[in-house]
Structure formats: structure tokens, C-alpha cells
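Enquirer:
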Amino acid sequence: MQHMDTSETRQPLTELRRGVLEFCVLAVVRDRETYAFEMVRQLSSAGDIVSSEGTIYPLLARLRRDGLVTTTWRESQAGPPRRYYRITAEGRHALDAFSTAWVGFRDAVDGLLLSTSPRGDAR
Amino acid sequence: VTGDQLVTDYLARLERAAQVLPDPRRRDLVDEVRGHIELALDAAGARDEVAVRNALERVGDPEEIVAAEGEMTGTGRSHATTRADSSGRRAGLGAVSARRTSPVILTLLTVAVVVLIALAAVPETRVPLALASLLIVPVAILLYIIFAMRRPRQP
């Protein structure tokens with residue numbers, strides 16, 4: 019128990035990030051197709067959402083296999099062709115479902131975190 | 049150490065870590081990460097040691113990237129899954145389901161044994177005591193299985 023506590027407090031957002039990242043990716047490609055590097059830049063500029071940029075590729079491969087995104091290779095002005103990602107109807111559906119669930123979840127956590135009386139007031 | 053040497057070393061490390069992945073996906077992943085590094089260095093506008101080290105740090109450990117690939121394929125949604133990962137996952141699932149179902153089954157069996165022994169004790173009923181005691185055998189086997197499955201979870 020003691021051991022678990024320390025490892026979890028060290029990286030409190032790691033698990034959360036892992037669960038939420040795929041929906042952030044779907045949100046980034048919701049309105050326009052994007053290539054992975056650009057996607058990572060958008061996610062990073064939104065906040066501390068991606069920890070290791072390279073792990074976006076396994077995630078994108080999975081989203082593609084699951085049919086939540088489709089890909090197209092396109093020429094780029096500079097350098098080799100790029101693989102562009104676009105959301106599918108199924109992806110949109112998954113994103114909508116998550117967005118709804120997320121609002122409830124976020125509000126519940128916020129409610130607990132913000133309403134709980136400061137330490138010492140409880141007793 | 050030159051920046052290019054660092055990139056070469058990094059990609060070799062990734063290639064080595066990715067050995068566990070099925071072939072088409074392995075090549076794809078290495079190509080994708082290589083392309084990502086190139087774009088990152090282009091964006092940084094430098095290829096010196098410092099620029100490369102910063103870029104590689106953001107990309108993350110090769111082992112971490114490959115582990116993420118294993119996690120994604122290990123969910124059973126895809127054809128490709130590494131052997132070590134899937135067997136580890138299966139053992140974990142087995143232990144979890146055993147832990148969830150065992151209290152229910154144990155409770156039911158215990159109740160059944162108690163009821164049968166009670167019936168056997170009443171002279172009018174025809175339930176022999178031997179039948180009741182037979183039920184103790186499956187309970188013992190079940191207990192053994194549960195404990196055998198739980199043990200590997202302890203590191």
C-alpha cells in the first residue's frame with residue numbers, strides 16, 4: 019500500500035493522460051485532417067497532454083485499426099509524403115459519447131475537489 | 049558526439065526494442081518516429097547535439113514507445129499482439145475473474161453443504177451423509193485453484 023501511494027503521487031496524471039489522449043486526438047482531427055507531427059504540436063500547445071511524443075504513433079495505429087480514423091498519404095512541399103488522419107463517422111460517435119461522459123466526470127471530480135473543506139475543518 | 053550520430057543511435061535502439069512487434073508494424077513505427085525526429089529538427093532549425101538531445105527527449109524512450117504499441121495491440125482488438133504481452137494480460141485477467149467469482153461460488157457451495165448436512169441429520173429425509181460429504185471435495189478443489197491462481201500475482 020505504502021509503495022503504491024508513492025508511485026502514484028509521483029505521476030498523478032500519467033494514467034489519466036493515457037485514458038484521455040485518444041479523445042484529444044480525435045478532437046484535433048474532428049474538423050480537418052492533420053498529420054501526426056502537427057497533431058502533437060496542437061496537443062502540446064493546448065496543454066500538458068502528451069508526455070512522450072513518440073507514443074502518439076502506436077495510438078494512431080490503433081485508432082486506424084479500430085476504424086475511428088482513416089489515413090491518406092499526401093505530398094508535402096518539403097520532405098517526404100505525409101500520412102494525414104481524418105475522423106470517421108465511428109470516430110465522431112466515439113468522441114461525442116466521450117465528450118458527454120467527460121463533462122459529467124469532470125464536474126463530479128471538480129465538485130469533490132472544490133467543495134471538500136480544507137484540512138482540519140472536517141472534524 | 050554529433051547530432052546525427054545521436055539520431056542513428058536512437059533509431060538503432062528503437063529498432064532493437066521493436067523486435068517484439070510484428071514485421072509490417074515494426075517498420076512502420078520506426079519510419080514514423082524517424083520522420084517525426086526529422087520534422088522536429090527542421091522545426092528547431094538546428095541539428096547540433098543540443099538540438100538533437102532536446103528533440104529526442106520530447107520523442108521519448110524507444111522502449112516506452114514500443115511498450116505503448118504493445119498496450120494498444122494487447123487489448124485483443126487487433127491481429128498483432130506480442131506473445132509475452134498477451135500471456136501476461138491473460139494471466140492478469142484470469143486472476144481478476146477468479147477473485148471476483150470465487151466469493152460467490154464459495155458462498156453457494158458452503159450453503160449447499162450446510163443444507164445437505166442438515167438434511168442428512170434429519171431422519172425422515174433420504175439424503176445420505178455420504179452425498180453431503182462428497183460436496184466437500186469440489187470445495188477443496190476450488191479453494192486450491194483459487195489459491196494457486198492468486199499466488200502468481202504476488203511479486
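Protein chains in written order, with my numbering: chain H, 19 to 141; chain W, 49 to 203. Virtual Cβ for every residue (Gly too), placed ideally from N, Cα, C.
Which residues in chain W sit within 9 Å of TYR75 (chain H), going by Cβ to Cβ distance?
Expert: Sequence index remark: in the first sequence, residue 75 (chain H) carries index 57 (1-based). Those within 9 Å of TYR75 (chain H) in chain W are ASP76, LEU77, GLU80, VAL81, HIS84, ILE113, ALA116, GLU117.
Enquirer: Closest to ARG101 (chain H) by CA distance: which of H:PHE116, H:ARG82, H:ALA115, H:ALA112 is it?
Expert: Residue 101 (chain H) sits at position 83 when you count from the first residue of the first sequence. The candidate whose alpha carbon is nearest that of ARG101 (chain H) is H:ARG82.
Enquirer: Leaving out the 5 sequence neighbours to the left and right, which residues in its chain are closer than 7 Å to ALA79 (chain H) when beta-carbon positions are compared?
Expert: In the first sequence, the residue the question calls residue 79 (chain H) occupies position 61. Excluding positions up to five away in sequence, the list is empty.
Enquirer: Can you name the residues of chain H whose CB is closer than 8 Å to the CB of VAL107 (chain W)?
Expert: By one-based count along the second sequence, residue 107 (chain W) stands at place 59. Residues of chain H passing the Cβ test: SER70, GLU71, GLY72.
Enquirer: Could one say the Cβ of PHE55 (chain H) lies closer than 8 Å to chain W's Cβ atoms, at least one of them?
Expert: Locating residue 55 (chain H) in the first sequence gives position 37, where the first residue counts as 1. Yes, because at least one Cβ of chain W sits closer than 8 Å to the Cβ of PHE55 (chain H).
Enquirer: Looking at the structure shown, is THR73 (chain H) part of a helix, part of a strand, or coil, going by DSSP?
Expert: Position 55 of the first sequence, counted from the start, is the residue given in the question as residue 73 (chain H). Looking at THR73 (chain H) - three-state DSSP - the assignment turns out to be helix.
Enquirer: Quick check: what's the CA-CA separation for PRO70 (chain W) versus PRO76 (chain H)?
Expert: The count along the second sequence starts at 1 and reaches residue 70 (chain W) at position 22. The count along the first sequence starts at 1 and reaches residue 76 (chain H) at position 58. Approximately 13 Å, taken between the alpha carbons.
Enquirer: Three-state secondary structure (DSSP) at ARG104 (chain H)?
Expert: For the purposes of this step, residue 104 (chain H) is taken as residue 86 along the first sequence, with counting starting at 1. ARG104 (chain H) falls in the strand class under three-state DSSP.
Enquirer: On a Cα-Cα basis, can you pick out the residue from H:GLN29, H:LEU34, H:PHE41, H:THR32 that is closest to THR118 (chain H)?
Expert: As a first step, residue 118 (chain H) is located in the first sequence; it is residue number 100 there, counting from the start. For THR118 (chain H), the nearest C-alpha among the options comes from H:PHE41.
Enquirer: What does the Cβ neighbour count give for LEU130 (chain H), buried or exposed, with the cut at 16 atoms within 10 Å?
Expert: In the first sequence, the residue the question calls residue 130 (chain H) occupies position 112. Result: exposed.
Enquirer: Going straight from the alpha carbon of GLY72 (chain H) to that of GLY108 (chain W), what length do you get?
Expert: Here residue 72 (chain H) refers to the residue found at position 54 when the first sequence is read from its first residue. Here residue 108 (chain W) refers to the residue found at position 60 when the second sequence is read from its first residue. C-alpha separation (whole angstroms): 6 Å.
Enquirer: If the criterion is Cβ atoms closer than 8 Å, does the pair ALA103 (chain W) and ILE85 (chain W) meet it?
Expert: As a working mapping, residue 103 (chain W) is identified with position 55 in the second sequence. As a working mapping, residue 85 (chain W) is identified with position 37 in the second sequence. Yes; because the gap between Cβ atoms is below 8 Å, this pair is in contact.
Enquirer: Relative to the C-alpha of ASP84 (chain H), which residue among H:SER62, H:PRO99, H:ALA107, H:TRP91 is closest?
Expert: As a first step, residue 84 (chain H) must be located in the first sequence, where it is residue number 66. Of the candidates H:SER62, H:PRO99, H:ALA107, H:TRP91, the one whose C-alpha sits nearest the C-alpha of ASP84 (chain H) is H:ALA107.
Enquirer: Check ARG92 (chain H) in the structure and name its three-state DSSP category.
Expert: Here residue 92 (chain H) refers to the residue found at position 74 when the first sequence is read from its first residue. Of the three classes helix, strand and coil, the one that applies to ARG92 (chain H) here is strand, per DSSP.
Enquirer: With a threshold of 16 other CB atoms inside 10 Å of the CB of ARG75 (chain W), please say whether the residue is buried or exposed.
Expert: Taking the first residue of the second sequence as position 1, residue 75 (chain W) is located at position 27. Its Cβ having fewer than 16 others within 10 Å, ARG75 (chain W) is exposed.
Enquirer: Would TYR58 (chain W) be called buried (16 or more neighbouring beta carbons within 10 Å of its own) or exposed?
Expert: By 1-based counting over the second sequence, the position of residue 58 (chain W) is 10. Looking at its Cβ environment, which holds 16 or more other Cβ atoms inside 10 Å, TYR58 (chain W) is buried.
Enquirer: Name the chain H residues whose beta carbon is nearer than 8 Å to that of LEU87 (chain W)?
Expert: Walking along the second sequence from the start, residue 87 (chain W) turns up at place 39. Going along chain H in sequence order, the residues near LEU87 (chain W) (Cβ under 8 Å) are PHE55, GLY97.
Enquirer: Go ahead and pull the three-state DSSP assignment for VAL87 (chain H).
Expert: Counting from one through the first sequence, the residue named residue 87 (chain H) turns up at place 69. VAL87 (chain H): strand per DSSP, three-state reduction.
Enquirer: Using three-state DSSP, classify THR52 (chain H) as helix, strand or coil.
Expert: For the purposes of this step, residue 52 (chain H) is taken as residue 34 along the first sequence, with counting starting at 1. DSSP places THR52 (chain H) in strand when its eight states are reduced to three.
Enquirer: Quick one: what does DSSP say ASP96 (chain W) is sitting in, helix, strand or coil?
Expert: Your numbering for residue 96 (chain W) matches position 48 in the second sequence. The answer is coil: DSSP assigns ASP96 (chain W) none of H, G, I, E or B.
Enquirer: Once DSSP output is grouped into helix, strand and coil, what is the label at VAL144 (chain W)?
Expert: On the second sequence, residue 144 (chain W) is found 96 positions in, with the first residue counted as 1. Only weak support exists for where VAL144 (chain W) lies, its pLDDT of 42 falling under 50; the coordinates are left without a value.
Enquirer: Residues in the same chain with beta-carbon distance under 8 Å from LEU54 (chain W), minus the five sequence neighbours each way, listed in chain order, please.
Expert: The residue labelled residue 54 (chain W) in the question sits at position 6 within the second sequence. If we look at LEU54 (chain W) and ignore the five residues flanking it on each side, its Cβ neighbours are GLU97, VAL100, ARG101, LEU104.
Enquirer: For a contact meaning CB atoms closer than 8 Å, what does ALA79 (chain H) contact in chain W?
Expert: Numbered from its first residue, the first sequence carries residue 79 (chain H) at position 61. Those within 8 Å of ALA79 (chain H) in chain W are ARG73, ASP76, LEU77, GLU117, MET120.
Enquirer: Out of curiosity, what's the CA-to-CA distance linking LEU62 (chain W) and LEU156 (chain W)?
Expert: Indexing the second sequence from 1 puts residue 62 (chain W) at position 14. Indexing the second sequence from 1 puts residue 156 (chain W) at position 108. Straight-line Cα distance between these residues: approximately 52 Å.
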